[in-house]
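Report on one structure; see the data block that follows.
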Amino acid sequence: VLRINPAQPQWPERDRFILSKGHCAAALYSMLAACGFFSPDRLAHFVADLSPLNGHPNRRKIPGVETNTGPLGHGLPVAVGCATAAQITHKEWRTFVVLGDGELQEGSNWEAAMCAAHRGLGSLTAVVDRNRLQQGASTAETNELEPLADKWRAFGWDVLMVNGHSHAELIQALTMLHPERPRVVIANTIKGKGASFMENGVEWHHKVPSDAQYEAALKELDQ
Amino acid sequence: MSKVENSSPSTFDCRQAFVEELIALAREDSRIVAVCNDSVGSSNLLAFKKEFPDRLINVGIAEQNMVGVAAGLANGGLLPFVCAASPFLTGRALEQIKADVAYSNFPVALCGMSPGMAYGELGPTHHSIEDLAWIRAIGSLPVIVPADPIETRSAMRWFVASGSPAFIRVSRYKVPAVMPEGQAFELGKSITLRDGNDVTLMAIGTMVSRALEAAEQLAAQGLSARVINASSVKPLDADAVLRAARETGAIVTVEEAIIYGGLGGAVAELVVQHHPVPMRIMGVPDFAPTGSTTFLFKHFGLTAEGIAQQARSLLNARKEH
Chain A
39 VLRINPAQPQ WPERDRFILS KGHCAAALYS MLAACGFFSP DRLAHFVADL SPLNGHPNRR
99 KIPGVETNTG PLGHGLPVAV GCATAAQITH KEWRTFVVLG DGELQEGSNW EAAMCAAHRG
159 LGSLTAVVDR NRLQQGASTA ETNELEPLAD KWRAFGWDVL MVNGHSHAEL IQALTMLHPE
219 RPRVVIANTI KGKGASFMEN GVEWHHKVPS DAQYEAALKE LDQ
Chain B
112 MSKVENSSPS TFDCRQAFVE ELIALAREDS RIVAVCNDSV GSSNLLAFKK EFPDRLINVG
172 IAEQNMVGVA AGLANGGLLP FVCAASPFLT GRALEQIKAD VAYSNFPVAL CGMSPGMAYG
232 ELGPTHHSIE DLAWIRAIGS LPVIVPADPI ETRSAMRWFV ASGSPAFIRV SRYKVPAVMP
292 EGQAFELGKS ITLRDGNDVT LMAIGTMVSR ALEAAEQLAA QGLSARVINA SSVKPLDADA
352 VLRAARETGA IVTVEEAIIY GGLGGAVAEL VVQHHPVPMR IMGVPDFAPT GSTTFLFKHF
412 GLTAEGIAQQ ARSLLNARKE H
């Protein structure tokens, strides 16, 4: 979906992709390496001492990272800025931002949501990773987000609900634009999908598998 | 807001200089945009809005979004000047300043308008005496406090040329001109406005003209005071500070800010490690009471007389040792 050029990470006309849930940096790094932004060999140095592959992404160290995230509630305002830059300079690039669902408890998201709709930022697409779990417990137990789609609609966004594990549904949601309204794709997901012992386990929010667990997970994913 | 009494006959408006320069810069450079939080009036942006309606992004009363949006605009190739009352820009959006602007290293000018005790009567929620300490603690983010309209303009030009993020504190009320016309701002450099051997008065912003006046008063009493405009609070001009310590042996710092972690703290950190000399740190010791800016300046001794008195007291204390 993204129009990017790994050989020229700062290509001014590129689409912007922002990972607001910066704690998923490992997934971003793997994807950037697979796209050719840097050598996959470097992935072995993830969170090593002095590694540029920090636990949260750093644009000053890693090509393809658009802005430094980690503290929650930062990605959407920056994405609104990127989309506003395109709007006022009459450029064609699109801006995508992936938000955690627990992260939506941060008020800054709703400041940005209001602003995006007010400015009619049709080039902006947010994807909410709706796995229903945050660090300590479910979002429902912690601070209920529902009715989530209605909240976004009330803020003036075009809302789509998809199965976040379906490439076909995601691609359709990410490519068919609304001309004037920012789009939010609420992607229903299962945390740890594909590794049965990880699925929906809140303890896997931030945990490194043992060698045996790693092998078991890979085996299940291969099936 | 209140007018501030000054003994100088002619005073000049930094906010007026700010908007004139912003418009001049925007005419030259299509990357310049302004971002504000419902502060078109208080940041004096009406004239900018009139000429560049599409290049003024008013996000409403939402400072966290304001600073995040500015980072995104910079990501998109623009040069944003964020113009908002300093207490809310720095306090409300501190983490956005840290992560989105400074750590991400986007060229965003964070312009703290109406800082210090400019909103005297509105009370401590609207005073911005903490901003220097807060911003000074963030990475290598520059902290710039222009002393007059000439320096306000030159600091803005420095930002556009530098491509670096920066915090620029813009005085609300009129001050006497202290900088030579055409003087370029240089990050990490101070300007010695008056030479002297007995004591050094280091001041920033609204306090520079008062330090100059204090030096006049001290001269009449036979004391020779050096006056330094330390507008680049961070990075500080270490050479000038240590030269002042060596050559005058006593330093008084003066700022319209809390006495913790601002100019006084920065000078003390340097001096105590490299050339300890007696110091006085002048500023505000706690939340300030409600009152006009003129009253509050007098209340905290932030006047030419107050500065001269502190300098004399410091020199007397030194003699007794």
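Protein chains in written order, with this note's numbering: chain A, 39 to 261; chain B, 112 to 432. Beta carbons are placed, not taken as given, at the ideal position from N, Cα and C, and that holds for glycine.
How many Å lie between Asp188 of chain A and Trp195 of chain A at the Cα? As a working note, residue 188 of chain A is residue 150 in the first sequence. As a working note, residue 195 of chain A is residue 157 in the first sequence. It is roughly 10 angstroms from the alpha-carbon of Asp188 of chain A to the alpha-carbon of Trp195 of chain A.
If you follow the beta strand (DSSP E) that Thr263 of chain B is in, where does it begin and where does it stop? As a working mapping, residue 263 of chain B is identified with position 152 in the second sequence. Thr263 of chain B -> not in any beta strand (DSSP E); alpha helix (DSSP H) instead, spanning 260-273.
Quick check on the burial criterion: 16 or more other C-beta atoms within 10 angstroms. Buried or exposed for Pro291 of chain B? Working through the second sequence from its first residue, we reach residue 291 of chain B at position 180. That one is exposed.
According to DSSP, is Asn147 of chain A helix, strand or coil? On the first sequence, residue 147 of chain A is found 109 positions in, with the first residue counted as 1. Three-state DSSP puts Asn147 of chain A in a helix.
Alpha carbon to alpha carbon, what distance is there between His386 of chain B and Asp350 of chain B? Here residue 350 of chain B corresponds to residue number 239 of the second sequence, with the count starting at 1. Here residue 386 of chain B corresponds to residue number 275 of the second sequence, with the count starting at 1. Rounded to whole angstroms, the gap between the alpha carbons of Asp350 of chain B and His386 of chain B is 11 angstroms.
Simplified DSSP state of Met112 of chain B, which is helix, strand or coil: Within the second sequence, residue 112 of chain B is the residue found at index 1, counting from 1. Any reading at Met112 of chain B needs caution, since the residue's pLDDT is 39, under 50, leaving its predicted position unreliable; the model's value is listed next. Met112 of chain B sits in coil when the DSSP states are folded into three classes, being neither helix nor strand.
Give me the residue from B:Gly394, B:Ser301, B:Lys161, B:Phe278 with the minimum Cα distance to Val130 of chain B. If you number the second sequence from 1, residue 130 of chain B lands on position 19. Selected option, being the one with the closest Cα: B:Lys161.
Taking Cβ positions, are Leu162 of chain A and Gly138 of chain A nearer each other than 8 angstroms? Residue numbering aside, residue 162 of chain A sits at position 124 when the first sequence is read from its first letter. Residue numbering aside, residue 138 of chain A sits at position 100 when the first sequence is read from its first letter. In this structure, Leu162 of chain A lies away from Gly138 of chain A, with their beta-carbon atoms at least 8 angstroms apart.
Could you check whether the Cβ of Tyr214 of chain B sits closer than 8 angstroms to any Cβ belonging to chain A? For the purposes of this step, residue 214 of chain B is taken as the residue at position 103 of the second sequence. Tyr214 of chain B counts as touching chain A.
Taking the C-alpha atoms as reference points, what is the distance between Phe75 of chain A and Glu182 of chain A? Translated into the one-based positions of the first sequence, residue 75 of chain A becomes position 37. Translated into the one-based positions of the first sequence, residue 182 of chain A becomes position 144. About 38 angstroms.
Would you kindly check if the distance between the Cβ of Arg54 of chain A and the Cβ of Ala117 of chain A is under 8 angstroms? If you number the first sequence from 1, residue 117 of chain A lands on position 79. If you number the first sequence from 1, residue 54 of chain A lands on position 16. For Ala117 of chain A and Arg54 of chain A, yes; Cβs fall inside 8 angstroms.
On the three-state DSSP scale, how would you describe Met290 of chain B? On the second sequence, residue 290 of chain B is found 179 positions in, with the first residue counted as 1. Taken through DSSP and simplified to helix, strand or coil, Met290 of chain B comes out as coil.
Would you say the region 413-421 of chain B touches the region 243-260 of chain B, given that touching needs at least three Cβ pairs under 8 angstroms? Short answer: they don't touch.
What does DSSP give as the partner residue(s) for Thr364 of chain B in the beta ladder? On the second sequence, position 253 is the one that residue 364 of chain B refers to. Its beta-bridge partners are B:Met313, B:Ile392.
Can you tell me whether Glu241 of chain A is buried or exposed, with buried defined as 16 or more other CB within 10 angstroms of its CB? Against the first sequence, residue 241 of chain A aligns to sequence position 203. By the neighbour-count rule (16 or more Cβ atoms within 10 Å), Glu241 of chain A is not buried but exposed.
Could you tell me whether any Cβ in chain B is nearer than 8 angstroms to the Cβ of Cys120 of chain A? Counting from one through the first sequence, the residue named residue 120 of chain A turns up at place 82. In terms of beta-carbon proximity, Cys120 of chain A lines the interface with chain B, with at least one pair separated by less than 8 angstroms.
Among B:Leu200, B:Phe159, B:Asp397, B:Phe163, which one has its Cα closest to the Cα of Gly179 of chain B? Mapped onto the second sequence, residue 179 of chain B falls at position 68. Nearest C-alpha to Gly179 of chain B among B:Leu200, B:Phe159, B:Asp397, B:Phe163: B:Leu200.
Do the CB positions of Leu381 of chain B and Leu426 of chain B come within less than 8 angstroms of each other? Locating residue 381 of chain B in the second sequence gives position 270, where the first residue counts as 1. Locating residue 426 of chain B in the second sequence gives position 315, where the first residue counts as 1. Their beta carbons are not under 8 angstroms apart, which means Leu381 of chain B does not touch Leu426 of chain B by this criterion.
Nearest residue (CA-CA) to Ile134 of chain B, options B:Asn155, B:Val365, B:Val363, B:Asp124: Here the question's residue 134 of chain B lines up with position 23 in the second sequence. Cα-wise, what sits closest to Ile134 of chain B is B:Asn155.
Taking only beta-carbon positions, decide if Trp49 of chain A is within less than 8 angstroms of chain B. To locate residue 49 of chain A, count along the first sequence from 1; it is residue 11. Contact of Trp49 of chain A with chain B is not assigned, every C-beta pair being separated by 8 angstroms or more.
Could you please tell me which residues of the region 232-246 of chain A, in chain order, have their CB closer than 8 angstroms to any CB of chain B? Answer in chain order: no residues at all.
Kindly give me the distance between the Cβ atoms of Leu407 of chain B and Met313 of chain B, rounded to whole angstroms, as I take these residues to be in contact under 8 angstroms. Residue numbering aside, residue 407 of chain B sits at position 296 when the second sequence is read from its first letter. Residue numbering aside, residue 313 of chain B sits at position 202 when the second sequence is read from its first letter. No, Leu407 of chain B and Met313 of chain B are not in contact; Cβ-Cβ is about 21 angstroms, not under 8 angstroms.
Which residues, taken in chain order from the region 183-217 of chain B, show a beta carbon closer than 7 angstroms to some beta carbon of chain A? From the region 183-217 of chain B, only Gly183, Leu184, Asn186, Gly187, Gly188, Leu189, Glu206, Gln207, Ala210, Asp211, Tyr214, Ser215, Asn216 have a Cβ closer than 7 angstroms to chain A.
Taking C-beta pairs closer than 7 angstroms, name the residues in chain B that Thr213 of chain A reaches, listed in chain order. Residue numbering aside, residue 213 of chain A sits at position 175 when the first sequence is read from its first letter. Those do not exist, as Thr213 of chain A stays about 22 angstroms from chain B at its closest Cβ, beyond 7 angstroms.
For Ala137 of chain B and Phe163 of chain B, the rounded distance between their alpha carbons: Against the second sequence, residue 163 of chain B aligns to sequence position 52. Against the second sequence, residue 137 of chain B aligns to sequence position 26. Answer to the nearest angstrom: the Cα atoms are 8 angstroms apart.
Sorry if obvious, but does the Cβ on Val39 of chain A come closer than 7 angstroms to a heavy atom of the ligand SAM? With respect to the ligand SAM, the structure shown offers nothing to examine, as it has no ligands at all.
Between which residues of its own chain and Ala266 of chain B is the CB-CB distance below 6 angstroms, once the five residues before and five after are set aside? Numbered from its first residue, the second sequence carries residue 266 of chain B at position 155. Taken in chain order, the residues that qualify are Ile255, Pro257, Ile279, Phe296.
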